[in-house]
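Q: As they're listed, the protein sequences go chains V and Z.
The first sequence begins at 1 in the working numbering and counts up one residue at a time.
The second sequence begins at 181 in the working numbering and counts up one residue at a time.
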Amino acid sequence: MDAKAHEIRLAGLGGQGVILAGVLIGQAAVLQGLFAAGSNSYGAQARGSTCQAEVVVGAEPIDYPHVEAADLFVAMSQGAYDGYRAGTAPEGVVLYDSSLVTPDDGPNQHGLAVTEVAVNELKNKQAANVVWVGAIAGFTGWFSDEVLEKAVAENVPARFLELNRRALARGLALGRELRG
Amino acid sequence: MPSRTAQPLLPPGPRYLSGNEAAAEGALAAGCRLYAGYPITPSSEIMERMAARLPEIDGAFLQMEDEIASISAVVGGSWSGSKSMTATSGPGLSLMQECLGYAAFTETPLVLIDVQRAGPCTGQATKVGGGDIMAVKYGSHGDYQVVAFSPWSVAEMFSLTVEAFNWSERLRVPAFLLAEEATGHLRERVDIPETVELYERDYRPGEAPFGHPEADGVPSMPRFGQGENLMVTGSTHDDWGFRKTEDPVVQDRLVRRLNQKVLSRADDLCRYEGYELDDAELVVVAYGFTARAALRAVRLARAQGVKAGLLRLITIWPFCSRPLAELAGRGASFLAPEMNLGQVAGLVRQAAQGRPVHELTQVNGRSIAPRAILQKIGEVL
Chain V
1 MDAKAHEIRL AGLGGQGVIL AGVLIGQAAV LQGLFAAGSN SYGAQARGST
51 CQAEVVVGAE PIDYPHVEAA DLFVAMSQGA YDGYRAGTAP EGVVLYDSSL
101 VTPDDGPNQH GLAVTEVAVN ELKNKQAANV VWVGAIAGFT GWFSDEVLEK
151 AVAENVPARF LELNRRALAR GLALGRELRG
Chain Z
181 MPSRTAQPLL PPGPRYLSGN EAAAEGALAA GCRLYAGYPI TPSSEIMERM
231 AARLPEIDGA FLQMEDEIAS ISAVVGGSWS GSKSMTATSG PGLSLMQECL
281 GYAAFTETPL VLIDVQRAGP CTGQATKVGG GDIMAVKYGS HGDYQVVAFS
331 PWSVAEMFSL TVEAFNWSER LRVPAFLLAE EATGHLRERV DIPETVELYE
381 RDYRPGEAPF GHPEADGVPS MPRFGQGENL MVTGSTHDDW GFRKTEDPVV
431 QDRLVRRLNQ KVLSRADDLC RYEGYELDDA ELVVVAYGFT ARAALRAVRL
481 ARAQGVKAGL LRLITIWPFC SRPLAELAGR GASFLAPEMN LGQVAGLVRQ
531 AAQGRPVHEL TQVNGRSIAP RAILQKIGEV L
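(1) Can you tell me where the alpha helix (DSSP H) with Y84(V) in it begins and where it stops?
(2) Look at the Cβ atom of R9(V), then the Cβ atom of A70(V), and state whether they are nearer than 8 Å.
(3) What are the start and end residues of each continuous alpha helix (DSSP H) run of 4 or more residues lying completely inside the stretch 491-528 of chain Z, in chain order?
(4) From the DSSP output, in three-state form, read off E441(Z) for me.
(5) Can you give the Cα-Cα distance for Y218(Z) and Q243(Z), rounded to whole angstroms?
(6) Applying a beta-carbon distance threshold of less than 7 Å, which residues of chain Z neighbour F35(V)?
(7) What residues in its chain sit with their C-beta under 7 Å from that of T425(Z), if we drop five residues either side in the sequence?
(8) When you compare the CB of Y324(Z) with every CB in chain V, is at least one pair closer than 8 Å?
(9) Taking D432(Z) as the reference, give the member of A483(Z), G391(Z) and G454(Z) with the closest Cα.
(10) Identify whether E91(V) lies in helix, strand or coil by the three-state DSSP scheme.
(11) Counting contacts by CB-CB distance shorter than 8 Å, is Y467(Z) in contact with chain V?
(12) So which residues on chain V does R195(Z) lean against when the C-beta distance must stay under 8 Å?
(13) If you draw a straight line from the C-alpha of A53(V) to the C-alpha of W132(V), how long is it?
(14) Measuring CB atoms only, is the stretch 475-493 of chain Z touching the stretch 435-455 of chain Z, in the sense that at least three cross pairs come out at less than 8 Å?
(15) How many Å lie between E149(V) and L161(V) at the Cα?
(16) Please confirm if the stretch 276-295 of chain Z is in contact with the stretch 518-525 of chain Z, defined as three or more CB-CB distances below 8 Å between the two stretches.
(17) Straight-line CA distance for R170(V) to K123(V)?
(18) Could you check if P182(Z) is buried or exposed, using at least 16 other CB atoms within 10 Å of its CB as the buried criterion?
(19) Name the chain V residues that come within less than 8 Å of R479(Z), Cβ to Cβ?
(20) Quick one: which unbroken beta strand (DSSP E) runs of 3-plus residues sit fully inside the stretch 308-364 of chain Z? Chain order, please.
(21) P550(Z) versus chain V: which residues are under 8 Å apart at the beta carbon?
(22) Cα separation between T541(Z) and I553(Z)?
(23) Could you name the residues of chain Z that V23(V) contacts, counting a contact when the two beta carbons are closer than 8 Å?
(24) Apply the 10 Å Cβ neighbour rule to W497(Z) and answer buried if 16 or more other Cβ atoms are within range, or exposed otherwise.
(25) Mind pulling the alpha helix (DSSP H) runs of 4 or more residues that sit fully within the stretch 210-287 of chain Z?
(26) Is the beta carbon of G303(Z) closer than 8 Å to that of G270(Z)?
(27) With three or more C-beta pairs closer than 8 Å as the rule, is the stretch 305-315 of chain Z touching the stretch 374-389 of chain Z?
(28) Going along chain V, which residues have a C-beta under 7 Å from A473(Z)?
(29) Who does I293(Z) pair with in a DSSP beta bridge?
(30) Please report the distance separating the alpha-carbon of W347(Z) from that of L357(Z).
Have a look at this one:
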């Protein structure tokens, strides 16, 4: 990782696991020996309202811990895309769920078939958030497989661990493929 | 003063915790073994974690019926010999004020973590605020002192909770962690230390529990059950706890000592950090979460060649005037960004020897952005 702090925003609908995805990224960063700061915002409804998680990841201690302009924006729903697209840095990268989001024609935007993988391959739509964690990790290359697995194991119930391990692996493959 | 080195309950090393979780772990590391509270956003995760953790280590956790009962149980817990605490937010703090005065007057050590939200009143429960600066110091009636620290990070939610316990026990005063929603709910790396230094309550058998020969002395503190004939009263009392509600000498001496035991140690209590202050023409005076934004703003200003610096106040009460007076003496002017209508700015003005003190106030339930501070720096310089 370079010396700059990287600002990541994940946004989607309440119930999609946005907050947990943010926690997993932050926890993986800390397990990797990096610095991370994460915060969330969400509407009053538990499910269905737009929800976002911010994580700032860096090799050095982080001065200001909120996202000002996202270097990486992950859009897990159309509403989240529409609401937060403008909060992306000019050179920032947008990753969106290709079956849920229709993007504008701006640069540096890549669709990933995350929900499709979760539904068709993992047979569980709820695993999409961990596919996203894998995709972010694969795309950035910041975290070892070992710390990612540890972060997931510390945060998901034991009975879903195997499912989430597979979700992580599929996400890593998607992210690495995009990174090239 | 008895002190000892202790190990935190969490193993040493980096963790990714929320500020509220870290504060609870800091309290446990400090030796807190009694928590009594009533949940309130945005402080509730402190209570949740203490409810989970205290039974594991033979501590006592009490969910009370309201905040008045909570702080009262904390006072009782402290006199039973346990390091004791509660956590709340603005509306709960208001309910606790009467008993906070009781704690100050009976010299009861306790720690209160106030995770501030947007007030006044019920305000915006989930949104950030910083309006309790004066309430923690002046919310109860009469002349009394408290200790209050303002954490700017999750790491300080841990370390300053330990400090708050240490000073509370050392001076027998209520000590506050003046946290904010933005720090309580922030998740961040915190490096759990191998050890923490703790001050333990000083009990000297046979000594008066409410008096001291020195005008700023801290008396011995027994607990119930140690064989002292212990009486604890919120009325004026002599060195042994006997009520003296007519005696002007006892009243005067007690009130002055309770204030002096804190104020005479203000230099030891005063903690702050400076960034880019050496040649700073404009000093941003900030604390808590706002200081994070101020640090970013100062760095951006420096990149533009603007001579700005940051004085970050860690101790809020007793107020740290000395570094401000020194900077004012060098000809600096000041800018105080705050999530209230200028509660600390007024104190800065008192210390600034007539140098200009500019304010940037924001009370909209959002934290102050670095660019807002940067813009204000540009306007006032």
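Ideal Cβ positions, reconstructed from N, Cα and C, are used throughout, including at glycine.
Please read all numbers here as calculations on a predicted model, not as lab measurements.
A: This is what the structure gives:
(1) Q78 to Y84
(2) yes
(3) 502-509
(4) Here the sequence assigns Lys to residue 441(Z), which means Glu is not the residue at that position. In the structure shown, K441(Z) sits in a helix (DSSP, three-state: H, G or I).
(5) 6 Å
(6) R369
(7) S415 and T416
(8) no
(9) G391(Z)
(10) strand
(11) no
(12) V30
(13) 13 Å
(14) yes
(15) 9 Å
(16) no
(17) 13 Å
(18) exposed
(19) D63
(20) 327-329 and 354-360
(21) Y64 and E68
(22) 10 Å
(23) Y196 and R367
(24) buried
(25) 224-233, 247-259 and 270-285
(26) yes
(27) no
(28) Y64
(29) A267(Z) and L357(Z)
(30) 12 Å
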